[in-house]
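Visitor:
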Amino acid sequence: MPILNPAIETMDRRALLELQNERLQIVINQAYSNVDFYRRKFDEAGLSPDDIKTLKDLERIPFTTRRDLMENYPYGMFAVPLRDVVRLQFPLGLYGNPIVIGYTPKDLEIWRELVARIMAGIGITEHDIIQVAFNYGLFLGAIRFNQSAELIGAAVVPASIAPAEVQLRIMKDFRSTVLASTPSFALHILEVMQKKGIDPRTLSLKIGLFGAEPWPEEVRRFIEDNWGIKAYDIYGVMELVEPGVAGECMAQAGLHIFEDHFFPEIIDPDSGKPLGPDRQGELVLTTLTTAAYPLLRYRTSDVTALHLEPCACGRTLARMERVLKRSDPMITVRGINVFPEKIREVLASFEGTGPGYKTLVSQKKGMNDQLKIEVEASVQILRATEERREALRDAIRLALRRAIGLRVEVELTKRV
Ligand code: ZN
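Its first residue numbered 70, the sequence shown is counted upward by one per residue in our numbering.
#1: In this structure, does DSSP put Arg213 in helix, strand or coil?
#2: Between Gly323 and the rest of its own chain, which residues show a CB-CB distance below 8 Å, the 5 nearest in sequence each way excluded?
#3: Measuring alpha carbon to alpha carbon, tell me which of Arg484, Arg181, Asp105, Tyr367 ends up nearest Glu219.
#4: Ends of the beta strand (DSSP E) at Leu481?
#5: By DSSP's criteria, His376 is part of a beta bridge. Which residues make up the other side?
#6: Pull the bridge partners of Phe419 from the DSSP assignment, please.
#7: Can you grab the Cα-Cα spacing for the pair Ile335 / Leu354, in whole Å?
#8: Would you mind working out which of Val288, Leu237, Arg109 sits nearest Lys264, comparing C-alpha positions?
#9: Going straight from the alpha carbon of Glu178 to that of Arg156, what length do you get?
#10: Please classify Ser102 as buried or exposed, where buried requires at least 16 neighbouring CB atoms within 10 angstroms.
#11: With DSSP collapsed to three states, give me the class of Lys125.
#12: Going by C-alpha to C-alpha distance, which of Lys411, Thr428, Arg413, Leu352 sits closest to Lys394?
#13: How many whole angstroms separate the CB atoms of Tyr426 and Ile450, which I take to be in contact at a CB cut-off of 8 Å?
#14: Please work out which residues of its chain come closer than 6 Å, Cβ to Cβ, to Phe13, disregarding the five sequence neighbours upstream and downstream, and give them in chain order.
#15: At a cut-off of 6 Å, is Arg384 close to ligand 1 when judged by its beta-carbon and the heavy atoms of the ligand?
#16: DSSP beta-bridge partners for Tyr426?
#17: In angstroms, rounded to a whole number, what distance separates the CA positions of Ile199 and Ser245?
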């Protein structure tokens, strides 16, 4: 099975541990000397960077949370001067302060290799044509496919948010061999294909590269069986790199996590205590090479387990189970992350609504598809004319669209 960087991806785990320990020293020192937030955290915990000699000592470092990133907006978490940063990116849909993540040229170069590792690992070569049907405006990782495909010489068609009919036309005419999208959009294309009576065998597609939202095994089986392609899962964290933290190989036996760049831990989300391999808990990541935006023990809120046995593909990198659950109330709709806090924040700006509201995500074959929000409204509003109520619904829809980037159905109700 193809491996882009065999020296790393099949490295003896003891040698890998040494490499991680070495890199950890550097990242801890840089974080401590260049990021006030980390210096404060260390000082408060009575820790010095010298106390952290190996990964075994990592447990002594307090966690970093999304709230920390928000509180240090905009540049408080940066470990390099802005002149060394060549990209700034901010995930949509967060509540409170936004967060801004910076990347140096080297950070971007590493990221590019990580996604290329995933691509090579599932058999993508210079002969392939990758149709990227992610929303380039809202899913920040979409552009990553372009740059990583260049690295292995594959051609990219940034089809973005073109409707399913157009995607199918491109797929047929360009003879695309790979589709990169959210699994829900792939299901939608498949549905249109079946409705139009298009035989999947008349297309050249053989690989699906799906991610940015949870998708259970039955959805994978449904896509693979009905389309006759192999569907692979990719994983990323919007505060680090997304995609590019981990990806499946041809064995489809978990996602290889790129441990030369991220050190993974699994913790009990309630007690914060580390759990060993094979136990399910919250994934915590420490960046080992990130220059601009190092994160120490970052709580991802994603629930998974790590398996350390070697994989049938020959890689020795740990495999994480596919993420289907979160330890926080965030939901993902069509690849967009939505925090309840953000919805609450938007609704609070409208008089006569709330505080109660209910989100309903319509499910299609286990997929998040359509977001509907029932908003508690005052008696005056419910008794007002239909025009007035429609105007309010419209205004809320627009505000939510701006805030979270999604079209949302809004309903006004007495009590939710
Ligand atoms: Zn493998």
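All C-beta atoms in this analysis are idealised placements derived from N, C-alpha and C, irrespective of residue type, glycine included.
Guide: Reading from the atomic positions:
#1: Here residue 213 refers to the residue found at position 144 when the sequence shown is read from its first residue. Here Arg213 sits in helix by DSSP.
#2: The residue labelled residue 323 in the question sits at position 254 within the sequence shown. Cβ neighbours of Gly323 beyond the five flanking positions: Glu317, His376, Cys380, Arg388, Met389, Glu390, Arg391.
#3: In the sequence shown, counting from the first residue as 1, residue 219 sits at position 150. Among Arg484, Arg181, Asp105, Tyr367, the Cα nearest to that of Glu219 belongs to Arg181.
#4: Taking the first residue of the sequence shown as position 1, residue 481 is located at position 412. Segment 477-482, the beta strand (DSSP E) holding Leu481.
#5: As a first step, residue 376 is located in the sequence shown; it is residue number 307 there, counting from the start. In the DSSP output, where bridge partners are listed per residue, His376 has Arg388.
#6: Along the sequence shown, one-based indexing puts residue 419 at 350. Note: Phe419 sits in no beta bridge, so no partner.
#7: Residue mapping note: residue 335 aligns to position 266 of the sequence shown, counting from 1. Residue mapping note: residue 354 aligns to position 285 of the sequence shown, counting from 1. C-alpha separation (whole angstroms): 9 Å.
#8: Position 195 of the sequence shown, counted from the first residue, corresponds to residue 264. Ranking the options by Cα distance to Lys264, first place goes to Leu237.
#9: Position 109 of the sequence shown, counting from 1, holds the residue named residue 178. Position 87 of the sequence shown, counting from 1, holds the residue named residue 156. Rounded to whole angstroms, Glu178 to Arg156 spans 12 Å at the Cα level.
#10: Position 33 of the sequence shown, counted from the first residue, corresponds to residue 102. Answer is exposed; the Cβ neighbour count stays below 16.
#11: The residue labelled residue 125 in the question sits at position 56 within the sequence shown. If DSSP states are grouped into helix, strand and coil, Lys125 belongs with the helices.
#12: As a position in the sequence shown, residue 394 is number 325, starting the count at 1. Put simply, of Lys411, Thr428, Arg413, Leu352 the residue whose alpha carbon is nearest the alpha carbon of Lys394 is Leu352.
#13: By one-based count along the sequence shown, residue 426 stands at place 357. By one-based count along the sequence shown, residue 450 stands at place 381. Incorrect: roughly 14 Å between the Cβ atoms, too far for contact.
#14: Because the chain in this structure spans residues 70 to 485, residue 13 falls outside the shown range and cannot be described.
#15: Numbered from 1 along the sequence shown, position 315 holds the residue referred to as residue 384. Under cutoff, so the answer is yes.
#16: For this step, residue 426 is matched to residue 357 along the sequence shown. In DSSP, Tyr426 forms a bridge with Val444.
#17: As a first step, residue 199 is located in the sequence shown; it is residue number 130 there, counting from the start. As a first step, residue 245 is located in the sequence shown; it is residue number 176 there, counting from the start. Roughly 6 Å between the two C-alpha positions.
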